[in-house]
Structures are given as structure tokens and as C-alpha cells.
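Undergrad: To start, I am sharing the structure in question, which I have written as C-alpha cells.
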Amino acid sequence: QIEVTFDIDANGIVNVSAMDKGTGKEQKITITSSTNMSSDDIEKAVKEAEMHAAEDKLRREQVETKNEGENLVYQCERTLAEFGDKVSDEDKAPITEKSEKLKESLKGENYEQIKSDTEALKQELYALSAKVYQQENPDMNNTKEQPQDHNNDDGGYYNADFTDKSDH
395 QIEVTFDIDA NGIVNVSAMD KGTGKEQKIT ITSSTNMSSD DIEKAVKEAE MHAAEDKLRR
455 EQVETKNEGE NLVYQCERTL AEFGDKVSDE DKAPITEKSE KLKESLKGEN YEQIKSDTEA
515 LKQELYALSA KVYQQENPDM NNTKEQPQDH NNDDGGYYNA DFTDKSDH
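According to the numbering used here, the stretch in the sequence shown is residues 395 to 562, in order.
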């Protein structure tokens with residue numbers, strides 16, 4: 395009869411031991427994950443990563459700029475579909491025009507142009523959304539402008555005489 399034990403530590407190192415119960419002989423082996431990189435190679439990779447950090451940051455900003463533009467185009471298309479007949483074609487035209495311009499910019503690599511077109515489209519979308527919101531809630535603007543007359547309102551308080559008629 396042979397007893398085999400496996401022990402895996404936190405570093406992924408496996409210790410295997412086998413003991414023959416009949417003879418009392420024991421064998422042990424340790425299995426470690428082999429890395430093909432020496433400490434010099436690792437150090438070199440870290441230095442390269444540090445050297446390219448600025449390039450990586452720039453690339454990340456470029457990707458984020460494109461993503462923001464693509465998301466805004468999608469948001470505009472969805473918003474225009476949601477507004478439907480609430481918005482005239484005349485009001486939709488500037489957004490559609492700027493959206494098409496941004497789509498063209500997104501095909502290229504001019505990130506300053508993409509940022510500019512994204513901002514222009516964002517402003518148009520905000521303006522249209524505000525206009526639709528005002529059309530749907532015309533009372534919202536009027537309540538702010540109307541002064542409230544509190545002189546006649548006594549807040550629910552009344553002057554009254556009080557007499558205690560309970561037994562003492």
C-alpha cells in the first residue's frame with residue numbers, strides 16, 4: 395500500500411510525497427512553475443514599460459476619445475428615435491449633420507478633430523434635449539418666474555381664546 399500526498403502552497407509550488415507503507419520508503423518531489431525570464435529579462439521589461447509609459451498614456455487617451463465619439467453618435471441616434479415626432483426635422487437637422495461629421499472624423503486619426511466634433515455634437519444634443527424638455531413641461535419655467543404672495547396665507551395658524559374646562 396502506497397500513501398501519496400499533494401501539497402500546493404500559495405506560490406503554486408506543488409510538493410508530492412509517496413510512502414510505501416510496507417517497506418517504509420519515502421520519495422518526495424517538488425514541482426515549481428518554470429519561468430522563461432531571468433531577473434535581468436524582467437528588469438529589462440519593467441524599464442521598457444516605464445520608457446513607453448507616455449506613449450501608452452497617449453494611446454489610451456486616443457482610444458478613449460474615439461470611444462466617447464462613438465458612444466455619443468449612438469446616443470444621438472437613440473435620442474432622436476425616442477423623441478420621434480416631438481422634434482421637427484428642422485430641429486433634427488443640426489444633430490444629424492454634426493453626427494455625420496463626427497462619424498467621418500472617427501474614420502481617421504485626427505484626435506483633435508474628433509474631440510472638437512464630439513463637443514459640437516454634445517452641445518447640439520443638450521440644446522435639443524432642453525428644448526424638448528421645455529415643450530413637455532412648460533409649467534416648470536412659469537413657476538420659477540411667478541412670485542408667491544404669502545401675505546394672505548397665514549400658514550394654518552389661528553388666533554383663538556382657550557379656556558380649560560376640565561375638573562381640577
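Ideal Cβ placement from N, Cα and C applies to all residues, glycine included.
1. First and last residue of the alpha helix (DSSP H) that includes A447?
2. Does the beta-carbon distance from K495 to D511 come in below 8 Å?
3. Does the count of Cβ pairs from the region 449-461 and the region 497-510 closer than 8 Å reach three?
4. In the DSSP output, what is Q421 paired with across the bridge?
5. So, are the CB atoms of S499 and L515 less than 8 Å apart?
6. Could you please give me the residues that DSSP links to T399 through a beta bridge?
7. Report yes or no: do the region 440-454 and the region 463-483 share at least 3 C-beta pairs separated by less than 8 Å?
8. Take D414 and list the residues in its own chain whose beta-carbon comes closer than 6 Å to its own, dropping the five residues that flank it on each side.
9. Would you decide whether E471 is buried or exposed? Buried here means 16 or more other CB atoms lie within 10 Å of its CB.
10. Under 8 Å by Cβ, that's how I've got K497 and V526 pegged, so tell me the actual separation to the nearest angstrom.
TA: Judging by the given coordinates:
1. A447 to F477
2. yes
3. yes
4. A412
5. no
6. S411
7. no
8. I396
9. exposed
10. About 23 Å separates the two Cβ atoms, so there is no contact after all.
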